[in-house]
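Report on one structure; see the data block that follows.
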């Protein structure tokens, strides 16, 4: 039997230099836990899987709103594993993430990896609406198949709008039914972990990081917006995370653009 569930997080500035969480609603297989942040000016919420999900046919959604002046980090306790449904007629699962960041607010969306298990089918969408003075750090990582197995079918779409205007809209597809060549030398080149790190910050209007490589399979690309996008491939999840961490800490935080959360 498929599951339909939506969890909601709302963060607001409390007027005393901290961030409060007036809305923290869990449902179905997704449980929200308020957790400690290294920086007390941030609120932090961890998404915990209460059961195996998403399975074929499931409809899951996460809605996050950081109100004006709020500072919020959302992470997860473990990887999300997309699994086959209970029967051949279950259909694909969907996982929809909606992010909203107000004026002067900052959101770090840092979930653990999404693993596409063999036989699964998942459509994942992430949509972010940012004000003109909002800051966003967004990391997405996909692992194509568990150890020693081929990937399931996975389609992801990331759409970001800033001040009502498009900033980024990209769609990726892997596995059965994906366009031909998705696992060839011109796309994945034999790698099974792929990720992207997007940082949007008004400070980049004054100083935008230059394009650069992080080894042979990762690149930082400046975007009009102002923002930067790091796209990376790796043999496994551990190596992928190391590359994305280097990009965030070495280039962005090291330049003093964003504080740690």
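Residue numbers (the working numbering): -15 to 245.
For every residue, glycine included, the Cβ atom is placed at its ideal position computed from N, Cα and C.
Contacts around residue i, its chain only, beta-carbon distance under 6 Å, and the 5 residues preceding and following it disregarded
{"i": "residue 140", "result": "108, 156"}
{"i": "residue 98", "result": "64, 126"}
{"i": "residue 201", "result": "217"}
{"i": "residue 166", "result": "158"}
{"i": "residue -8", "result": "7, 9, 47"}
{"i": "residue 44", "result": "-11, 38, 79"}
{"i": "residue 110", "result": "81, 142"}
Short Cβ contact (7 Å threshold) for residue i with residue j
{"i": "residue 25", "j": "residue 59", "result": "no"}
{"i": "residue 130", "j": "residue 101", "result": "yes"}
{"i": "residue 212", "j": "residue 183", "result": "yes"}
{"i": "residue -4", "j": "residue 62", "result": "no"}
{"i": "residue -11", "j": "residue 9", "result": "no"}
{"i": "residue 81", "j": "residue 46", "result": "yes"}
{"i": "residue 231", "j": "residue 188", "result": "no"}
{"i": "residue 77", "j": "residue 52", "result": "no"}
{"i": "residue 174", "j": "residue 137", "result": "no"}
{"i": "residue 34", "j": "residue 85", "result": "no"}
{"i": "residue 206", "j": "residue 192", "result": "yes"}
{"i": "residue 83", "j": "residue 118", "result": "no"}
{"i": "residue 32", "j": "residue 17", "result": "yes"}
For residue i, the three-state DSSP class (helix, strand or coil)
{"i": "residue -15", "result": "coil"}
{"i": "residue 150", "result": "strand"}
{"i": "residue 157", "result": "strand"}
{"i": "residue 42", "result": "coil"}
{"i": "residue 26", "result": "coil"}
{"i": "residue 84", "result": "strand"}
{"i": "residue 6", "result": "strand"}
{"i": "residue 11", "result": "strand"}
{"i": "residue 96", "result": "coil"}
{"i": "residue 36", "result": "coil"}
{"i": "residue 135", "result": "coil"}
{"i": "residue 21", "result": "coil"}
{"i": "residue 59", "result": "strand"}
{"i": "residue 89", "result": "coil"}
{"i": "residue 0", "result": "coil"}
{"i": "residue 77", "result": "strand"}
{"i": "residue 54", "result": "coil"}
{"i": "residue -6", "result": "strand"}
Sequence-distant residues of the same chain with beta carbon closer than 7 Å to residue i, five excluded per side
{"i": "residue 57", "result": "21, 26, 28, 92, 94, 245"}
{"i": "residue 146", "result": "114, 116, 184, 209"}
Residue i versus residue j - alpha carbon distance
{"i": "residue 67", "j": "residue 105", "result": "8 Å"}
{"i": "residue 238", "j": "residue 204", "result": "Annotation note: pLDDT 43 at residue 238 (below 50); position unreliable, coordinate value reported separately. Computed Cα separation, rounded: 15 Å."}
{"i": "residue 36", "j": "residue 15", "result": "12 Å"}
{"i": "residue -14", "j": "residue 75", "result": "10 Å"}
{"i": "residue 69", "j": "residue 39", "result": "5 Å"}
{"i": "residue 114", "j": "residue 163", "result": "31 Å"}
{"i": "residue 180", "j": "residue 208", "result": "17 Å"}
{"i": "residue 90", "j": "residue 148", "result": "17 Å"}
{"i": "residue 215", "j": "residue 172", "result": "12 Å"}
{"i": "residue 103", "j": "residue 135", "result": "8 Å"}
{"i": "residue 5", "j": "residue -2", "result": "9 Å"}
{"i": "residue 116", "j": "residue 185", "result": "9 Å"}
{"i": "residue 3", "j": "residue -6", "result": "10 Å"}
{"i": "residue 154", "j": "residue 13", "result": "28 Å"}
{"i": "residue 71", "j": "residue 1", "result": "51 Å"}
{"i": "residue 88", "j": "residue 170", "result": "40 Å"}
{"i": "residue 150", "j": "residue 194", "result": "22 Å"}
{"i": "residue 190", "j": "residue 168", "result": "39 Å"}
Neighbourhood of residue i by C-beta distance below 8 Å, restricted to the same chain and skipping five residues each side
{"i": "residue 177", "result": "97, 125, 126, 127, 128, 217, 218, 219, 220, 221, 223, 224"}
{"i": "residue 152", "result": "142, 143, 144, 182, 207, 209, 211, 213"}
{"i": "residue 133", "result": "101, 102"}
Residue-chain proximity (residue i, chain C), Cβ-Cβ < 7 Å
{"i": "residue 83", "result": "Chain labels in this structure do not include chain C; a single protein chain is all it has."}
The ligand ZN heavy atom lying under 6 Å from the CB of residue i
{"i": "residue 124", "result": "As presented, the structure is devoid of all ligands, the ligand ZN included, so that no description of it is given."}
Go through the region 163 to 235 residue by residue and report every complete run of the beta strand (DSSP E) that reaches 3 residues or more, in order.
177 to 184, 202 to 207, 211 to 218
What beta strand (DSSP E) runs, 3 residues minimum, are completely inside the region 98 to 130?
98 to 100, 105 to 114, 119 to 128
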